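Below: the structure, in structure tokens.
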Amino acid sequence: MSHKIFRDAIHNMIPLNLEVEGDSLLLDLIDTPQMQRLRRIRQLGPACLIYPTAEHSRFSHSLGVMHLTGRILSALSQEGALDLTPMAMLQIKVAALLHDVGHGPFSHVFEHIHPQMPRHEIWSWNIVTGKTHIHRAIVNYCQRLQVDSAIFLEGIRQIWHIPPLTVPHLFGRQLIASQLDADRMDYLLRDAYFTGVAYGRYDLEWLLHSLKVRTIHGEQKLCFDMSKGPTALESYIWARDHMYRQVYDHKTVRAFEVLLIHIFYTLFECHRLEKTFPFGVPLELKIFLESLLISNHLPALDHFLALDDSVLEYTIGHLAALSPQSAIQTLLIWKCRLFRERRPVYRRLLWREKGDGEPSDLILDSEAAQAVIDFFRATRGHLLSIQAPDGSFLEVPLGLLVWVDRLERASYAHLQYTAGQTDPIYVVEASGRVRPAEHVLERIDFLGRSHRRQIRVFVDPLAQEAVIDFIRQKFYHPHILLNVSEK
419 MSHKIFRDAI
429 HNMIPLNLEV
439 EGDSLLLDLI
449 DTPQMQRLRR
459 IRQLGPACLI
469 YPTAEHSRFS
479 HSLGVMHLTG
489 RILSALSQEG
499 ALDLTPMAML
509 QIKVAALLHD
519 VGHGPFSHVF
529 EHIHPQMPRH
539 EIWSWNIVTG
549 KTHIHRAIVN
559 YCQRLQVDSA
569 IFLEGIRQIW
579 HIPPLTVPHL
589 FGRQLIASQL
599 DADRMDYLLR
609 DAYFTGVAYG
619 RYDLEWLLHS
629 LKVRTIHGEQ
639 KLCFDMSKGP
649 TALESYIWAR
659 DHMYRQVYDH
669 KTVRAFEVLL
679 IHIFYTLFEC
689 HRLEKTFPFG
699 VPLELKIFLE
709 SLLISNHLPA
719 LDHFLALDDS
729 VLEYTIGHLA
739 ALSPQSAIQT
749 LLIWKCRLFR
759 ERRPVYRRLL
769 WREKGDGEPS
779 DLILDSEAAQ
789 AVIDFFRATR
799 GHLLSIQAPD
809 GSFLEVPLGL
819 LVWVDRLERA
829 SYAHLQYTAG
839 QTDPIYVVEA
849 SGRVRPAEHV
859 LERIDFLGRS
869 HRRQIRVFVD
879 PLAQEAVIDF
889 IRQKFYHPHI
899 LLNVSEK
């Protein structure tokens with residue numbers, strides 16, 4: 419068989435030609451245990467508890483990004499505008515395929531379970547360079563072609579933007595991690611399709627058809643050809659804005675993410691008080707979490723790779739069924755049951771600006787938001803007395819009951835927001851002039867300036883009355899008041 423075809427809900431068919439040396443490497447990488455593990459990690463984490471069909475995996479997304487990256491490179495190369503060797507283009511496609519291989523269970527939310535937890539990009543790099551099937555496949559391929567594998571791997575690190583950066587502006591990075599990249603192009607359509615919403619849809623084919631390469635300040639840049647019409651680009655940016663507002667930042671999605679983080683915080687508190695984790699926590703998770711508790715110690719790669727959604731779901735289900743042996747276990751079991759049984763989840767406190775009677779769960783005033791953040795940071799160790807479901811009373815640190823959820827979003831990042839971190843999307847005008855999109859397209863300029871900074875305060879439903887009383891007694895700010903009710 420000279421071709422391998424992956425059927426895909428978004429791109430229909432993702433082909434690999436096994437007679438092409440580079441495609442054979444991609445297939446070898448796809449078949450590694452580390453890539454296959456991504457089948458067991460949901461793309462949107464606990465969002466499936468709100469959107470029942472959002473069960474798609476990091477694996478299918480990774481294939482989609484690889485496919486789109488290959489399409490872009492092929493189209494640009496045929497035009498003769500792209501100055502890249504076949505090996506450099508393969509390097510970019512490998513980086514695209516493997517860009518999410520370091521995600522933990524429930525995707526991004528796992529990065530927040532402990533302050534020592536590395537970002538998924540760091541895990542990805544450790545997987546690619548560690549004693550893994552992925553590393554072995556890349557090294558064997560390079561040896562067969564008499565290519566220096568260290569140089570090949572270094573190129574992947576640069577594309578992923580992992581310091582130290584020796585190449586400030588790398589073309590491949592634009593296809594994996596920029597404002598106009600294959601990663602966003604795939605996840606917007608994929609997440610919209612599997613959540614069942616229309617917000618993330620845009621004209622992918624016309625967007626791809628409109629991509630060009632131009633040299634700007636001596637560097638090759640991916641650009642959008644305005645002569646094809648700006649609508650495809652504008653709809654792509656608007657799709658990202660809508661998906662963040664309606665799906666990724668959905669209040670109940672965020673509430674379940676907060677609950678999952680607090681389950682881990684409570685597990686760590688169990689370990690602190692009882693010097694061990696509750697009976698029945700799987701060995702692979704127990705070893706990993708104990709490693710996190712050791713300061714400046716990165717858990718072993720094998721222990722990380724042993725974790726996926728199924729391990730966490732088993733753990734939460736097992737803990738939810740336990741009989742508590744201590745007060746802290748009572749709290750842990752309660753939180754696990756909330757998650758496992760999708761009970762009424764964390765409440766959102768309502769606030770209102772003084773002089774304005776309209777309550778909201780969002781705090782938009784930056785000064786007031788920072789005051790709320792500082793207040794809960796300073797009081798996170800304060801013990802509150804709350805009543806457990808069995809009628810007993812528990813003394814629980816505020817930090818295990820309240821989460822201040824801070825969001826900063828811009829669907830299009832103007833350079834003043836991320837100076838030195840990203841490029842604008844460049845557009846080619848009919849005259850041939852190349853300029854940042856926000857200088858040409860009013861709608862994109864508007865979205866870039868609509869930089870949302872907001873916070874919500876989530877509270878464990880067991881503690882909402884105690885937390886409200888505590889805030890009323892201890893917190894004051896001239897701009898906002900806690901509302902009389904909560905959501």
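Residue numbers (the numbering used here): 419 to 905.
No residue lacks a Cβ here, since even glycine has one placed at the ideal position from N, Cα and C.
Keep in mind it's a predicted model, so treat the numbers as computed, not measured.
Residues of the same chain with a CB within less than 7 Å of the CB of PRO807, apart from the 5 flanking positions on each side, are TRP752 in chain order. Beta-bridge pairing by DSSP links CYS641 to LYS630, TYR844.
In this structure, PHE589 lies near GLN638, with their beta-carbon atoms less than 8 Å apart. In this structure, the straight-line span from the alpha carbon of ILE423 to that of SER478 is close to 13 Å.
With a threshold of 16 other beta carbon atoms within 10 Å, VAL585 falls short and is exposed. Excluding sequence positions up to five before and after ASP446, its CB lies within less than 6 Å of the CB of ALA555, all in the same chain and listed in chain order. Below 8 Å, too few C-beta pairs join the stretch 684 to 693 and the stretch 884 to 901 to call them touching: fewer than three. Remark: C-beta atoms of ASP659 and LEU825 do not approach each other more closely than 8 Å. In this structure TYR662 touches SER829 by the C-beta definition: roughly 7 Å separates them, less than 8 Å.
Contact between TRP543 and ARG575 holds: their C-beta atoms lie close to 6 Å from each other, under 8 Å. In this chain, the alpha helix (DSSP H) harbouring ILE681 covers 669 to 692. Spanning the alpha carbons of GLY440 and THR550 requires a straight line of approximately 19 Å.
Rounded to the nearest whole angstrom, the CA to CA distance from GLN592 to ALA514 is 11 Å. Judged by DSSP in its simplified three-state form, ASP726 adopts coil rather than helix or strand.
With at least 16 other beta carbons inside 10 angstroms of its own, LEU606 counts as buried. Membership of PHE697 in any beta strand (DSSP E) is not indicated, and neither H nor E is assigned to it by DSSP. Buried is the label assigned to PRO842, since at least 16 other Cβ atoms lie within 10 Å of its Cβ. Secondary structure of TRP752 (DSSP, three-state): helix. In the DSSP assignment, LEU900 forms a beta bridge with TRP769. DSSP, read as helix, strand or coil, puts SER803 in strand. Beta-bridge analysis with DSSP links PRO648 to no other residue. Its Cα nearest to that of HIS627, the residue GLY647 stands out among TYR617, ALA616, GLY647.
CA-CA distance, GLU860 to VAL852, rounds to 16 Å.
Where VAL822 is concerned, the enclosing beta strand (DSSP E) starts and stops at 820 to 827. The beta-carbon separation of HIS832 and ARG867, rounded to 7 Å, stays under the 8 Å limit for a contact. Relative to LYS511, the option among GLU883, ASP599, ALA657, ARG457 whose CA is nearest is ASP599. Exposed is the label assigned to ASP887, since fewer than 16 other Cβ atoms lie within 10 Å of its Cβ.
For ASP426, the three-state secondary structure derived from DSSP is strand. If you draw a straight line from the Cα of GLU813 to the Cα of LEU782, it is about 32 Å long. Residue pairing for ILE781: DSSP places it in a beta bridge opposite ILE873. By the C-beta density criterion, GLU776 is exposed, having fewer than 16 other C-beta atoms within 10 angstroms.
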